[in-house]
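Numbering (the working numbering), first residue to last: 548 to 1115.
Pasting the structure below:
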């Protein structure tokens, strides 16, 4: 408790000093208030009065809030606001418990554009492909991702990278990372991922049944927990480098856990709480940053001729357009950002893939047959796949695409409005000649997840059906092509990419903030899925519902998969 008090006082002291002149000016008014309240405080019934006031004031606040929404005329130039009982809290509970249900329900009531209150913040939602295009393809003079996310990401990633820098610097940093995500590296990564999976299955206690290998030797594992561990092991071996991988079950693993504890919805809404998890986050960030800097210094000192395929090796030789060399501290923080941002999304997607496959043995068999066709040897064994060959497996590809459609890792993408922003007439108008205007200070919220399961766009939209992607002439294939190939191409500063903001299918975001690790994700997911299906037979009773209480949409518990070694 004393530590908590001292920490709070340390943070509050500068503000107390600034407030002293105002406190002196307020003394006469405080004295008048004391004189006014003295008779009431002397009343023996004062505790009852205090409790009554504590109950009455919230009720009065709720009544006034409701009355203002029902009786005061609405500003017709602004999108309609979702009705809510409790001021400040607003619609936080309904949105937080089930954002999909909330979005569909509010769309039915208010249309594609509406504003809701989220713990004091005004969130203007623009649904549909046009709404997503408006937000994610918005002008830098009107919308800002940095202001929406820096309070969450900077304490975790570190200063000087991602959302802690102006957008043009971020675009250059994405160019540096993209340089490291090249075909030569991907070719090397496939074998590394296979080695990690073999070691994982042959060492983890949860997979003892795999090692026994008998027809009746069934085991089970928690899909999300095990895939979280496996994806971080494969990412550390490939992108992060051998030094990081060698520390994954030692010091680095604990630092990761402490840092991950600061990457939660609580940190997003309340970035500066004096809590132990926040202090552990800050301590871990400094230690992990120093860890990467030490690796960089050791590599430079060793002057080894060994070729490294990791991201550290790629970033060490990068410099900005103005000639400034990327500093070791910036490299360290970019590496932390790659680790934290990619780990959650990949582990959740892997878990969803396996859970859906476990309830669809027909799709499992189709994936296995596809590999027998491509990699089968006369003696019945399957040889290792290559990077190029993995791209030529349509069933595997369709499983990944469909999983990302039904279970996208992020349900909400936000931008801060930095200047009053008129919305396109196609999204809805305040009147015939007056568009809606989102005022400066609001947050814009895009939800590509809604268009990805919209019954008006997709046949059997809520069903996990990989076959929808197999037909090259299907609507799904057309939307994927619009997202990756046929749509408008733009160079935001890190190379020409498909803008993708107008497609109903956006699994990796779109616009200037489209995920730079998209290709690596397909390499990691594709390699792991292909190899797991050839090694394991899996089954489960049902796919669990979504858990929205974490930053990334994960499967709710129980999420166990029953398995045995594949019987050939």
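Beta carbons are placed, not taken as given, at the ideal position from N, Cα and C, and that holds for glycine.
Taking 7 angstroms as the cut-off, the beta carbon of residue 1072 is found closer than this to the beta carbon of residue 947. If you draw a straight line from the Cα of residue 867 to the Cα of residue 874, it is about 10 angstroms long. If you look at residue 725, you'll find it isn't in any beta strand (DSSP E); it sits in the alpha helix (DSSP H) that goes 714-727. In terms of Cα proximity to residue 1105, the closest of 722, 630 and 772 is 772.
In the structure shown, the three-state DSSP call for residue 840 is helix. Under the 10 Å beta carbon count, residue 681 is surrounded by 16 or more other beta carbons and is classified as buried. In this structure, the alpha-carbon of residue 876 lies about 14 angstroms from that of residue 864. Taking residue 749 as the centre and dropping the five residues before and after it, the same chain places the C-beta of 758 closer than 7 angstroms to its C-beta, in chain order. Per DSSP, residue 1045 is one residue of the beta strand (DSSP E) stretching across 1043-1045.
About 11 angstroms separates the beta carbons of residue 984 and residue 689, which is beyond the 8 angstroms limit, so they are not a contact pair.
When the beta-carbon positions are compared, residue 670 and residue 1041 stay at least 7 angstroms from each other.
In this structure, the beta-carbon distance from residue 859 to residue 834 does not fall below 7 angstroms. Residue state for residue 970 is assigned as coil, using DSSP reduced to three classes. With a cut-off of 8 angstroms on Cβ pairs, the segment 914-932 is in contact with the segment 1075-1083, counting three or more such pairs. The three-state reading of DSSP puts residue 894 in helix, counting H, G and I together. When 944, 954, 1061 and 958 are compared, the shortest CA-CA separation from residue 1017 is found for 944. In the DSSP assignment, residue 1084 falls within the beta strand (DSSP E) that extends over 1083-1086. Cβ neighbours of residue 1029 within its own chain (closer than 6 angstroms, five residues either side excluded): 1050. 992 is the residue among 744, 992, 747 and 726 whose C-alpha sits nearest the C-alpha of residue 677. Taking residue 845 as reference, the option from 790, 811, 896 and 937 with the minimal CA-CA separation is 790. Excluding sequence positions up to five before and after residue 968, its CB lies within less than 6 angstroms of the CB of 689 and 985, all in the same chain and listed in chain order. Sixteen is the threshold: when 16 or more other Cβ atoms of the shown chains lie within 10 Å of the Cβ of residue 1026, as they do, the residue is buried. Residue 670 has 663 and 990 as its beta-bridge partners, per DSSP. With fewer than 16 other Cβ atoms inside 10 Å of its own Cβ, residue 853 counts as exposed. Among the bridge pairs identified by DSSP, residue 872 is matched with 866. Taking a 10 Å sphere around the C-beta of residue 1036, we find fewer than 16 other C-beta atoms and assign the residue as exposed. Partner residues in the beta bridge of residue 1094, as assigned by DSSP, are 1101. Residue 1110 carries a strand assignment under DSSP once its states are collapsed to helix, strand and coil.
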